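Chemist: Per our numbering, residue 154 is the first one in the sequence shown, and the count goes up by one each step. In this text, a Cβ means the ideal position worked out from N, Cα and C, and glycines have one as well. Everything numeric in this text was worked out from a predicted model, so none of it was measured.
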Amino acid sequence: MPPARERALSPKDVVAAEWLKLRTMRSAWWIWAGAATYTLVGLAVIMMHIGSYDQASPQERASFDSADPAVAVMPIVAFFIGCLGALAITTEFSTGSIAPSLVAVPRRVTLLAAKTVVVACVAFASGVLFAGLSQLAALLLLGDRPPPVNPWPHWSDAIPTAAGTAFTTLVTALVALGLGALLRSAAATVAVIGALTVVVPSLAHLLPEALHLRVASVLIPNLAPQVAGAESAYLLSPPVAIAVLTCYTVVALAAGALGLSRRDV
154 MPPARERALS
164 PKDVVAAEWL
174 KLRTMRSAWW
184 IWAGAATYTL
194 VGLAVIMMHI
204 GSYDQASPQE
214 RASFDSADPA
224 VAVMPIVAFF
234 IGCLGALAIT
244 TEFSTGSIAP
254 SLVAVPRRVT
264 LLAAKTVVVA
274 CVAFASGVLF
284 AGLSQLAALL
294 LLGDRPPPVN
304 PWPHWSDAIP
314 TAAGTAFTTL
324 VTALVALGLG
334 ALLRSAAATV
344 AVIGALTVVV
354 PSLAHLLPEA
364 LHLRVASVLI
374 PNLAPQVAGA
384 ESAYLLSPPV
394 AIAVLTCYTV
404 VALAAGALGL
414 SRRDV
């Protein structure tokens with residue numbers, strides 16, 4: 154009697170398996186702890202910034218930067234969550250577990266799609282959590298202080314900014330996932346994500362003013378206020394900013410899918 158054929162895994166089964174892998178990955182919990190710790194550090198910096206504002210003269214107060222967590226906190230939090238997206242795929246290459254994963258799910262694009270669903274859900278939830286809590290804390294710290302240190306005339310004005318930073322956190326994680334599938338190295342992928350989220354946005358300010366705004370406006374961390382439609386020096390409307398973020402995601406995941414499909418494990 155011939156042996157019974159094993160039932161093929163459904164897409165739901167593959168997604169469930171990828172969720173199990175991610176939540177049982179020890180480094181994932183260290184990454185979330187790192188993001189939480191940096192959020193507290195960023196809020197402490199905001200508190201000191203507000204203290205300096207209170208001690209400043211009226212003339213000095215007029216030139217103060219805003220105490221916005223989208224600037225002081227969320228870019229680094231997005232980097233942490235991006236590291237999670239990278240490790241969701243590079244850990245399998247470093248441990249060799251990618252081989253049994255491909256035995257269970259022979260279609261490599263299906264495997265990457267399942268990882269994309271899981272990473273997207275976790276990254277967006279993390280972005281909403283950290284952005285929401287940091288914005289709420291900043292609102293409580295700012296009280297009724299006026300602009301420019303308080304960027305929100307009303308508490309509801311902080312909601313679009315929080316949504317924008319959650320969206321850019323999601324995109325950062327998916328870009329990291331795609332790059333991880335392409336590069337197959339945690340160190341290389343984390344280095345690229347660090348450059349995209351921290352290094353290049355910092356260096357962009359050193360460019361000549363005319364070029365600076367053009368470059369800075371299309372960098373992932375700077376797209377958050379543009380997605381939200383908040384007042385800023387950047388150049389893009391919300392629909393264009395969303396389109397740019399979509400391009401980042403599609404290009405990275407397409408490159409990752411191509412690299413995963415064409416190269417041996």
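Helix, strand or coil for S216 per DSSP?
Modeler: Here S216 sits in coil by DSSP.
Chemist: In the stretch 221 to 290, which residue ranges form an unbroken alpha helix (DSSP H) of at least 4 residues, counting only runs that do not cross its ends?
Modeler: Listed in chain order, the complete alpha helix (DSSP H) runs (minimum 4 residues) inside the stretch 221 to 290 are 222 to 225, 227 to 248 and 251 to 257.
Chemist: Is W172 near the ligand PLP, judged by its Cβ being under 7 Å from some heavy atom?
Modeler: This structure does not include the ligand PLP; it has no bound ligands of any sort.
Chemist: Under the rule that 16 or more other beta-carbon atoms within 10 Å means buried, what is R367, buried or exposed?
Modeler: Exposed.
Chemist: Are the beta-carbon atoms belonging to L292 and A267 less than 8 Å from one another?
Modeler: Going by C-beta atoms, L292 is not nearer than 8 Å to A267.
Chemist: Can the beta-carbon of A334 be found closer than 8 Å to that of L237?
Modeler: The answer is no: Cβ separation not under 8 Å.
Chemist: Nearest-angstrom Cα distance between A284 and L173?
Modeler: Using only the alpha carbons, I get a separation of about 25 Å.
Chemist: Tell me the rounded alpha-carbon separation between V258 and L240.
Modeler: Roughly 19 Å between the two C-alpha positions.
Chemist: Taking one C-beta from the stretch 319 to 335 and one from the stretch 393 to 402 each time, how about it: are there three or more such pairs within less than 8 Å?
Modeler: Judged by Cβ distances under 8 Å, the stretch 319 to 335 makes contact with the stretch 393 to 402, as three or more pairs qualify.
Chemist: To the nearest angstrom, how far is it from the Cα of E171 to the Cα of V404?
Modeler: So the alpha carbons of these two residues sit roughly 22 Å apart.
Chemist: So, at 8 Å on beta carbons, what are the nonlocal neighbours of L232 in its own chain, with the 5 sequence-adjacent residues on each side left out?
Modeler: Residue identity differs from the one stated: residue 232 is Phe in this sequence, not Leu. Hits under 8 Å: T325, I346, G347, T350 and V351.
Chemist: Consult DSSP for W305 and reduce its assignment to one of helix, strand or coil.
Modeler: Residue state, collapsed to three classes: coil.
Chemist: So what's P300 in DSSP terms, helix, strand or just coil?
Modeler: Residue state, collapsed to three classes: coil.
Chemist: Using a Cβ-Cβ cutoff of less than 6 Å, which residues in the same chain neighbour L196 once the five nearest sequence positions on both sides are dropped?
Modeler: These residues qualify, in order along the chain: A290.
Chemist: Less than 6 Å between C-beta atoms, sequence neighbours within five positions excluded: which residues of the same chain meet that for I234?
Modeler: Cβ within range, chain order: A276, S279, T322 and A326.
Chemist: Sorted by chain position, which residues of the same chain lie with C-beta nearer than 6 Å to S385's C-beta, five sequence neighbours on each side aside?
Modeler: Taken in chain order, the residues that qualify are P378.
Chemist: If you count every other CB in all the chains shown that lies within 10 Å of the CB of V256, and 16 or more means buried, which is it?
Modeler: Burial call: exposed.
Chemist: Taking contact to mean 3 or more Cβ pairs, one atom from each stretch, closer than 8 Å, check whether the stretch 220 to 230 and the stretch 192 to 210 are in contact.
Modeler: Contact holds: three or more Cβ-Cβ distances are below 8 Å.
Chemist: When the Cα atoms are used, what is the spatial distance from S216 to H365?
Modeler: Straight-line Cα distance between these residues: approximately 21 Å.
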